[in-house]
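Student: Numbering (the working numbering), first residue to last: 1092 to 1152. Glycine is no exception: its CB is placed at the ideal position from the N, C-alpha and C atoms. All values reported here derive from a predicted model rather than from experimental measurement.
#1: Compute the distance between the beta-carbons of residue 1139 and residue 1116, then report whether it is under 7 Å.
#2: With DSSP as the reference, identify every bridge partner of residue 1101, one or two as the case may be.
#3: Cα separation between residue 1112 and residue 1118?
#4: Can you confirm whether residue 1096, when its beta carbon is compared against all beta carbons of chain D, has any partner nearer than 7 Å?
#5: Alpha carbon to alpha carbon, how far is residue 1136 from residue 1103? Give it in angstroms, no decimals.
What follows is the structure, given as C-alpha cells:
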C-alpha cells in the first residue's frame, strides 16, 4: 500500500482521534461545540461539527 500525505487541521481543543489500545476497532471522535450543547430528540438528525479539517490528495476519498 502506498503512503500518502494527509494535511489535518484541528480547530478544537480535543486531541486528534487515536486508537486507545492495540485491539481497538475504531477511534473516538469528539464533538466540537464552542457555542454550547445540542439536544437531539428521537428520530432527529443533525450535523455535529468535530473541528477537524482534512485535506486528501486528488484522487482519494
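Tutor: Straight from the coordinates:
#1: No, these two residues do not count as a Cβ contact at 7 Å.
#2: Paired residue(s): 1143.
#3: 10 Å
#4: Given the protein chain composition of this structure (a single chain), no chain D is represented.
#5: 22 Å
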